[in-house]
Structure formats: structure tokens, C-alpha cells
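Asker: Start counting the sequence shown at 3; every next residue gets the next number (this note's numbering). Please see the structure below; I have some questions.
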Amino acid sequence: MYRFAHGRQLNSKLQSGTTLIVTLMLLLLASLLALFAMNAGILEQRTSASDVRARLVKQTVEAAISQGAEYIKANRSIINPTNGKWTRCGGTNAPPDTNFPCGAVPQCVAGQYSGTGCASPSMQRRGNMYYYNVGASYDVNGNNSTSDDIDTRSIPLDRRMTTVGNGYAVNYGVGVVMCMVKTPAQTTDPTECTTDLTQASGTYLFTVIGVGNIAGESANTTLSTTFGISPIAGGGGNLPPITASGSVDVTGGIQVVTNSNGAGKGVPVSVWTRQALTKTGTPNTCYFEDYIRNQGNVPGQGSVDFAKTSTGGTSSIITCDTCSCSNSISYQSSGNGGNMGIDLLDIDSVPVVGTSTCTSTLQAAGSCKSNANVRSNEFPCDLFNYVFHVQAWEDDTGTNPDGYCTDGHDCFCETRKMTTTAYQPADNSPLPSGGIGVDEAWLYNHATQIIPGTLHSSGWIKPDKLAACSALADSGATNGTTAQGGLIWVQNGATCSTNNVTMGTPDLPVIVVWDGNVSNFHGKLYGLLFIRAPNSPLDPTTGGSTDGSGGSLTMQAGSVIYGSVVIQGQFIKGNGTAAIVYLPKVLAGFTGEPTLNPASPVPGSWTDRFSY
3 MYRFAHGRQL
13 NSKLQSGTTL
23 IVTLMLLLLA
33 SLLALFAMNA
43 GILEQRTSAS
53 DVRARLVKQT
63 VEAAISQGAE
73 YIKANRSIIN
83 PTNGKWTRCG
93 GTNAPPDTNF
103 PCGAVPQCVA
113 GQYSGTGCAS
123 PSMQRRGNMY
133 YYNVGASYDV
143 NGNNSTSDDI
153 DTRSIPLDRR
163 MTTVGNGYAV
173 NYGVGVVMCM
183 VKTPAQTTDP
193 TECTTDLTQA
203 SGTYLFTVIG
213 VGNIAGESAN
223 TTLSTTFGIS
233 PIAGGGGNLP
243 PITASGSVDV
253 TGGIQVVTNS
263 NGAGKGVPVS
273 VWTRQALTKT
283 GTPNTCYFED
293 YIRNQGNVPG
303 QGSVDFAKTS
313 TGGTSSIITC
323 DTCSCSNSIS
333 YQSSGNGGNM
343 GIDLLDIDSV
353 PVVGTSTCTS
363 TLQAAGSCKS
373 NANVRSNEFP
383 CDLFNYVFHV
393 QAWEDDTGTN
403 PDGYCTDGHD
413 CFCETRKMTT
423 TAYQPADNSP
433 LPSGGIGVDE
443 AWLYNHATQI
453 IPGTLHSSGW
463 IKPDKLAACS
473 ALADSGATNG
483 TTAQGGLIWV
493 QNGATCSTNN
503 VTMGTPDLPV
513 IVVWDGNVSN
523 FHGKLYGLLF
533 IRAPNSPLDP
543 TTGGSTDGSG
553 GSLTMQAGSV
563 IYGSVVIQGQ
573 FIKGNGTAAI
583 VYLPKVLAGF
593 TGEPTLNPAS
603 PVPGSWTDRF
613 SY
């Protein structure tokens, strides 16, 4: 008989129970792992969706600030803090304006914050800026209101996206803060904003702030960046009617309407030269109000004209081609006599009014003047640099004329700076071994139209800039053509005539850079005429090229320039009823021309550190 193995039977039962428990635990663990994996997948999906929404709203606002920048660039006429479309962000001692969009600009220069204001007024930033206040006229942030700050302080974008990605509804807007850059008193001064138009340099900085969100989601962002608009002729806005590095002879009957704020508020300047100013005949200088009252030399019977605009309409700027001065600031008598008034700045041996050498007899004879001599260091060494802010000429050692120059210099830049890299001719021809002038390279790059002469091959000029003499007439709205504006360079050797040619318009002025001697100017120009000496070196006595190739200006009877003339050389004569009329509204028109005010981004200005 076989015995029953009780131990073996017991071990089998215990083994089966353990297997079941282990299996159940493994199933439970697998379920937990599955649930955890599913939860992680859902979390990852949610994170991915959130990331997509964040990217979408960020890309939307990136597009928005680009659109806002283009809005400013395309609407240059709005760049004026006095037109009612801009509101100042706040004063030095006022509570910091943190509202949109001002709050995206630091209140003070770094490290200068003190209480509710800045440590000193000179450290103010935000309070010297303006925000555009026209308003978007739509619900920017999607809160069912169009009247909160973020709506009323956004610019009116006329083309907007409503959905992005896979149908996400999006809301966005753009605010703009403007800084008028102050003209530095010293070259070492920092860049500052100003609220005083008389201190403005013509350069503007715009901080563009974009805000956006996806409706019904928590995705929202704020981005900002800064770009600048700077005039290529930043020194041409407040020049006297005549500026010359050589002598000025106002022989003839030329009428000069002064820049009434040329040397400060209420201080007129009509002529500024580093050499002597001489006079015969019956020239006059006067204020514009006096000029327009006297047409055809008949006082009290003035007749003004409202010239045509670039679109063929009527300008609001008053002009008068046949008016003349009846109440002169300078030269109240004909011939060689007549006192020089405070508006004429030159070098002369004539005694100064108020000194012991200016007797009552000399004063009665018209042999005294109101101004001290222009010091050598008071006149721009390099006129091209003064107008276009590009150093093109260098001062060699020379005779110190009056003791105000140092290191053996004469404060006159007579030698042209050369470059071998600043310009590549359109036909890819090599530059001469010595390069070309810095001023010439700059003009090749920045001129709107170039009329070729004998300076270089016409193949050097980019095809879209190559022009004929007819471009001078086309720059004004004549014969039904559209005004061009911009900067026209008439190269040395070009044989263009100005006879009865109108250049520019009151609302679309033109800068004409003319090489050499302009000996028969007989047209009309709205804007700035810069006569460039084509060859180096320059003669400190004449201010022009030593070989006689330029520059000089002679104006014929009936010719009129509404704006200013700058001459690297001499003003020879203004015959008959020739006139140079300083009109600040005409020169202010330069700010509205994109070709004369290129825009460029400020490196490192993009940020997302603010939030609205």
C-alpha cells in the first residue's frame, strides 16, 4: 500500500495561492503604470497644446509689432508731437506712468530712480517721450470694451488677423512710444529725448509694443522692440538762407528772407560765412512777413501765391516769387554803404558797433557792423559733415588765423577723405587704387537719382538711380508729372540747365547736390541746394577747389530758392529780383519723405520682459 504524502499536497496548495497573489499584484501594477502613462500622455498633450498656443500668440504679436512699425514708416506725416495725436507720458516728478504703452519704457536712466521720479531731470527717460493716442477703434484685448487704455492707446491697424493656427480666435494691438532725440551740445553727450522742438535733432526713436491673446485661453504675451528714423540731411533743417565756406558777395538786387531763429529763438541769421561778406547794388535782408507785403516793389500791394503741391493741389504754404523786402534788417541804402545788421555773420575789418573804434561818424556813414567777426572754430570745418553728418574732409596743418585753432590747424577741412570699401560700382568695376571720396561714396549709396557727368563712368550708378537732367524738373509737379522729392546728385561735368525749371514742391521738397560751379541758376527750388566742390584740396581763401572747378553760385534775375543754400565755395552774385527765402515749413517737409529718412532697427531692443 502506498502512503499519502501530506507535505507534498500542502506545498502545492500554498504555491497556487502565491501565484494568484503575485498575478493580481502584477495586474494592479500594470494598471497603475497604464494609468500613469495615460496621465503623462494627457499632460504632455496639454503641454504641447499650450506650447502651440503660446507660440501662435507670440508669432501673432511678432507680426503685430512689425505691422505697427510699418504703420509709422508709411505715415511719416504723423511724426509731430504738436499735431494732437501724441500725449506726453509724464513729467519728472509725476508718478511713473506704467499704463500701456508708456510702461514698456524705463522711467529713468538705469540706476537713477528716486522715489516717484528720477534722481535728476537729466536722467528722465519715459517722461520725455510721447505715446500715440489716436486709438485702435476696436477691442484690442477681447474684453468686450473699446474704451480701456489698451484700446485708446493702440494705433489703428486697418488690416488684422482674426484667427490663427487651427482656428484659434486671436486679439492683438500695438502701442507706440516716441522719443525726439535731442541735439547734443557736445559730441560726448549721451543720447537724450527732448520735448523742446528747438532742441530736436530730427532723429526719432519709436518703441513699438505689441500685446495679444487667444480668446478663451490663458495664452497671452507682450513684446516690444525699437527702431529709429534719422534724416540723411540732419543738419539742413535750421540753416541760414546762405551758408558758404568762402566769401559772399551780395552784389546785385538779391532779396534774402532770414531764418528768424537761426542763432536761437528770435535771433535772425541771413548769411553765415567764414570769409568776408561784401555788397554793392541794392540787396536786402528782411523777415518773411515784410517780404510778402511788398510785391513788385510797391509797398502795401503784396500778392501772395499758394504753390501747387506734389499731387497737383494747392499748398497751404505761402510763397511769392516777385515780392521784395521793404523794411531791411541789413543794407538800408544802395551802393557800397549801408549797415550790416545782426543777421549777417562773417569776417570783416569794419569796426564793431559799440567799440571805441566805431565813432558816430563811421556809424552814420554805414561803416560799422553789429556783429563781431566769426571765429575760425565757430564755422563748420567740413560743410558736408555739417549737413549730412558724414565726415568727408580732414583738416591739415596750417596757419592759425585767429588763435582759436590748436595743434597747428586752421579749422578748415581742405583734404578729402578717401575710401576703398564704402561703395561697389553697379558694373562691378574696381575702384581706383586710392579709392573715392567718402562724400562721393555716400552720395552713390543715398541719392535718390544721380545725373552722370565726367566724375566716373555712368556704369557705376545703380540702374534704378540713373537719371537724366529731366529729373530736376520731374522733382517738382510740373507738366502733369508726379513730384519725386528725394536727393538728386548732379555730378561734375553734367550739362543741366535750370532755366525755368521748378525743383521740388512746398510739401515735397528736394535736396539737390550740385558739383562744381553753378554759374547761371535761373529756376525755382523748394528745399536745399548744396554746391559741392568736386576736387581736392580746397582753398581756405575761396572755400572751393583750388583748381577752380568749384564751387560757386550765381543767381539770375527771377530765380527763387525757398529753403537754404550751402556752398563749398563762394556766393558770387544775385542779379535783379533773385531771392532766397527761408521757409521752415518747406524744410520741415523733409521729415515726411521716406527716402530722406531711412528707418533701421535698434540692435538688442527686442524684449518680452513687460506684460499687459
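We treat Cβ as the ideally placed atom computed from N, Cα and C, and that holds for glycine. This structure is a prediction, so every number in the text was calculated from the model and none was measured.
1. What are the uninterrupted segments assigned as beta strand (DSSP E) that are 3 or more residues long and contained completely in the region 565 to 614, given in chain order?
2. Near LYS419, what residues of its chain come up, given a Cβ to Cβ distance below 6 Å and the 5 sequence neighbours on each side ignored?
3. What residue range does the alpha helix (DSSP H) around ASN387 cover?
4. Identify, in the order they occur along the chain, each residue of the same chain with its Cβ nearer than 7 Å to the Cβ of THR456, setting aside the five sequence neighbours on each side.
5. Under 7 Å between the Cβ atoms of ILE244 and VAL271?
6. Is it the case that the Cβ atoms of GLN570 and LEU279 are separated by a distance below 7 Å?
7. Taking the alpha carbon of ASN519 as the reference point, which residue from LEU30, ASP323, VAL568 and TYR528 has its own alpha carbon closest?
8. Kindly confirm or deny that the region 129 to 139 and the region 98 to 108 touch, where touching means at least three C-beta pairs closer than 8 Å.
9. CYS471 to ASP409, Cα distance in whole Å?
10. Quick one: what's got a C-beta closer than 6 Å to LEU589's C-beta in the same chain, skipping five residues either side?
11. Could you compute how far the alpha carbon of SER477 sits from the alpha carbon of ASP466?
12. According to DSSP, simplified to helix, strand and coil, what is GLY482?
13. According to DSSP, is ASP476 helix, strand or coil?
14. The alpha helix (DSSP H) that contains ASP441, what's its start and end?
15. Quick one: what's got a C-beta closer than 6 Å to THR197's C-beta in the same chain, skipping five residues either side?
16. Would ALA559 and ASN537 qualify as a contact pair, given that the criterion is a beta-carbon distance under 7 Å?
17. Taking SER262 as the reference, give the member of ASP610, PRO242 and CYS325 with the closest Cα.
18. Taking the alpha-carbon of ALA221 as reference, which of PHE532, VAL54 and ARG377 has the nearest alpha-carbon?
19. List the endpoints of the continuous beta strand (DSSP E) containing THR231.
20. So which of VAL562, PRO596, SER602 and THR593 has the shortest CA-CA distance to TYR584?
21. Quick check: what's the CA-CA separation for ILE438 versus ASN77?
22. So, SER326 versus ILE344, is the Cβ gap smaller than 7 Å?
23. Since LYS87 sits in a beta bridge, which residues does DSSP pair it with?
24. Kindly provide the ranges of any alpha helix (DSSP H) runs that are 4 or more residues long and lie completely inside the region 394 to 441, ordered along the chain.
25. Can you tell me where the beta strand (DSSP E) holding ILE216 begins and where it ends?
26. Buried or exposed for ASP191, please, with buried defined as at least 16 other CB atoms from any protein chain shown within 10 angstroms of its CB.
27. Quick check: the Cα distance between PRO542 and ALA374, rounded to an integer number of angstroms?
28. Among VAL166, PRO605, ASN143 and VAL179, which one has its Cα closest to the Cα of TRP88?
29. Tell me, which residues are paired with LEU530 by DSSP?
30. Can you check which of these residues, LEU159, ALA138, TRP444 and THR548, is closest to ILE152 by C-alpha distance?
31. My output table needs one value for VAL252: the three-state DSSP class, helix, strand or coil.
32. Hey, GLY529 and THR597: beta-carbon distance below 7 Å or not?
33. Could you please give me the residues that DSSP links to CYS181 through a beta bridge?
34. For ASN296 versus SER328, is the C-beta distance shorter than 7 Å?
35. Let me know the secondary structure DSSP gives PRO301 once reduced to three states.
36. Note down the Cα distance separating PHE381 from GLY254, rounded to an integer number of angstroms.
Answerer: For this structure:
1. Counting only runs of 3 or more residues that sit fully inside the region 565 to 614, the beta strand (DSSP E) segments are 572 to 576, 581 to 583 and 601 to 603, in chain order.
2. In the same chain as LYS419, and ignoring 5 residues on each side of it, the C-beta atoms closer than 6 Å to its own belong to ALA394, GLU396 and VAL440, in chain order.
3. Looking at the DSSP string, the run of the alpha helix (DSSP H) that includes ASN387 is 385 to 390.
4. Within the same chain, THR456 has close Cβ partners ASN494 and GLY495.
5. Cβ atoms of ILE244 and VAL271: not closer than 7 Å.
6. With contacts defined by Cβ atoms closer than 7 Å, GLN570 and LEU279 do not form a contacting pair.
7. Looking from the CA of ASN519, the closest CA among LEU30, ASP323, VAL568 and TYR528 belongs to VAL568.
8. Short answer: they touch.
9. One C-alpha to the other measures close to 45 Å.
10. GLY239 and GLY565.
11. Going by the C-alpha atoms only, they are around 15 Å apart.
12. With a pLDDT of 49 at GLY482, under the threshold of 50, the modelled position of that residue is not reliable, and the figure given next carries that caveat. Of the three classes helix, strand and coil, the one that applies to GLY482 here is coil, per DSSP.
13. If DSSP states are grouped into helix, strand and coil, ASP476 belongs with the helices.
14. 440 to 448 is the span of the alpha helix (DSSP H), which, as asked, contains ASP441.
15. Annotation for THR197: ASN130 place their beta carbon closer than 6 Å to its own, counting only its chain and skipping 5 residues before and after.
16. Contact annotation: ALA559 and ASN537 have beta-carbon atoms that are not nearer than 7 Å.
17. The residue from ASP610, PRO242 and CYS325 with its alpha-carbon nearest to that of SER262 is PRO242.
18. Minimum Cα distance to ALA221 is reached at VAL54.
19. Before going further, note that residue 231 is Ile rather than Thr in the sequence given. Residues 222 to 231.
20. Answer by Cα proximity: VAL562.
21. Inter-residue distance for ILE438 and ASN77 is about 36 Å (C-alpha atoms, whole angstroms).
22. Not a contact, by the Cβ cut-off of 7 Å.
23. For LYS87, which the question treats as bridged, DSSP gives no partner whatsoever.
24. You should have found no qualifying run.
25. For ILE216, the enclosing beta strand (DSSP E) starts and ends at 202 to 216.
26. Residue burial annotation: ASP191 is exposed, with fewer than 16 other C-beta atoms found within 10 angstroms of its C-beta.
27. Spanning the alpha carbons of PRO542 and ALA374 requires a straight line of approximately 20 Å.
28. Looking only at VAL166, PRO605, ASN143 and VAL179, the smallest Cα-Cα distance to TRP88 is reached by VAL179.
29. ILE513 and SER566.
30. Distance check between ILE152 and each of LEU159, ALA138, TRP444 and THR548 places ALA138 closest, using alpha-carbon atoms only.
31. Residue state, collapsed to three classes: coil.
32. Remark: C-beta atoms of GLY529 and THR597 do not approach each other more closely than 7 Å.
33. Under DSSP, CYS181 shares a beta bridge with LEU207.
34. Yes, Cβ-Cβ distance for ASN296 and SER328 is below 7 Å.
35. Note that PRO301 has pLDDT 38, beneath the 50 cutoff, so the model's placement of it is unreliable and no number is given.
36. Distance between the alpha carbons of PHE381 and GLY254: 26 Å.
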